[in-house]
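Read through the structure below, which is laid out as structure tokens, and then see the notes.
In the numbering used here, the protein residues as written are 621 to 782.
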């Protein structure tokens, strides 16, 4: 049986815990990073004219919103934190503690649930003031969840060798 790595464990947890969302993993071996990519889809009943982050205008009936979280090796990975909802470091070959990964999946579920609700409100109530839709990642809330989860799961899951 193959040894679990942080990537294999994360893939299993995302699939089982976030089945209601379109979520994927992109392991970039050269950059020593793992991106969790997620998409929200919602109907645009008023056919609002929306501009995405690149300034592309759309009036599609179904809106697709994509964002990501990047797991990085602080000593090796190159990235722009503005491109991600959150960036979280792992400890080189040592990887991440299982509790950290559990916290990541658990909090991502909360963020996506709230984000889906906010996106629907944004699309269905265009006159209520919000001009920008974005997901919200609260670092302090995440830290608290990590602190709680690592009490139960302190073992490290290594970064995969390739």
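For each residue, glycine too, the CB sits at the ideal point set by N, CA and C. Fair warning: this is a prediction, and the values are worked out from it, not measured in the lab.
Short Cβ contact (8 Å threshold) for residue i with residue j
i, j, result
"residue 683", "residue 662", "yes"
"residue 687", "residue 645", "no"
"residue 866", "residue 726", "No statement about residue 866 is possible, as the shown extent of the chain runs from 621 to 782 and does not include it."
"residue 716", "residue 641", "no"
"residue 721", "residue 626", "yes"
"residue 731", "residue 691", "no"
"residue 779", "residue 708", "no"
N- and C-terminal bounds of the beta strand (DSSP E) containing residue i
i, result
"residue 663", "653-663"
"residue 755", "Note, residue 755: premise wrong, no beta strand (DSSP E); not H, not E."
"residue 686", "682-692"
"residue 642", "642-648"
Buried/exposed call for residue i, threshold 16 Cβ in 10 Å
i, result
"residue 674", "exposed"
"residue 723", "buried"
"residue 621", "Because residue 621 sits at a pLDDT of 46, beneath the cut-off of 50, its placement in the model cannot be relied upon, and the point is left open."
"residue 689", "buried"
"residue 719", "buried"
"residue 761", "exposed"
"residue 656", "buried"
Rounded straight-line distance, which links the Cα of residue j to that of residue i
i, j, result
"residue 696", "residue 763", "23 Å"
"residue 736", "residue 699", "27 Å"
"residue 669", "residue 678", "6 Å"
"residue 643", "residue 660", "9 Å"
"residue 751", "residue 647", "34 Å"
"residue 758", "residue 733", "14 Å"
Simplified DSSP state of residue i, which is helix, strand or coil
i, result
"residue 703", "helix"
"residue 719", "helix"
"residue 766", "helix"
"residue 727", "helix"
"residue 737", "helix"
"residue 628", "helix"
"residue 678", "strand"
"residue 670", "strand"
"residue 777", "strand"
heavy atom of the ligand FMN below 7 Å from residue i C-beta
i, result
"residue 710", "The ligand FMN is not part of the structure shown, which contains no ligands of any sort."
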